[in-house]
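Participant: So the sequence shown is residues -31 to -1, 1 to 44, counted in mature numbering (1 follows the signal peptide of the UniProt record, and there is no 0).
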Amino acid sequence: MGDKGQRGRMVSRSNLVLLSLLACFGEGAFAQIRYSVPEEVEEGTVVGNVAKDLGLDVASLTDRRFRVVSGSKDA
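Shown next, in the form of structure tokens:
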């Protein structure tokens, strides 16, 4: 029974370390961009340059398996 208690504390410590690392370095790992688009805009209109706005090299996007998923049911 002593092993289970010690293992539980190790898992808790591991989770604490992981959460601490995410809190410190997580901002750089996640990005969110919002664009405002009028309702009247025609379908297919270019809204923004996502790669440029995120500071990414366009040539490296394929290597990173970058993709954009919209919230529509068409995706």
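Where is the CB? At the ideal position from N, CA and C, for every residue including glycine.
(1) Helix, strand or coil for Ala44, going by three-state DSSP, please let me know.
(2) Expressed to the nearest angstrom, what Euclidean distance is found between the alpha-carbon atoms of Arg(-19) and Gly17?
(3) Would Leu30 count as contacting chain C if we go by Cβ distances under 7 Å?
(4) Quick one, which of Asn(-17), Asp22, Tyr4 has its alpha-carbon nearest Thr14's?
Facilitator: Considering the structure as presented:
(1) Model confidence at Ala44 stands at a pLDDT of 43, short of 50, so the residue's coordinates are unreliable; what they give is reported in the following sentence. In the structure shown, Ala44 falls within a coil segment according to DSSP collapsed to helix, strand and coil.
(2) Distance between the alpha carbons of Arg(-19) and Gly17: 43 Å.
(3) In summary, chain C is missing from the structure at hand, where a single protein chain is found.
(4) Each of Asn(-17), Asp22, Tyr4 was checked against the Cα of Thr14, and the nearest Cα belongs to Tyr4.
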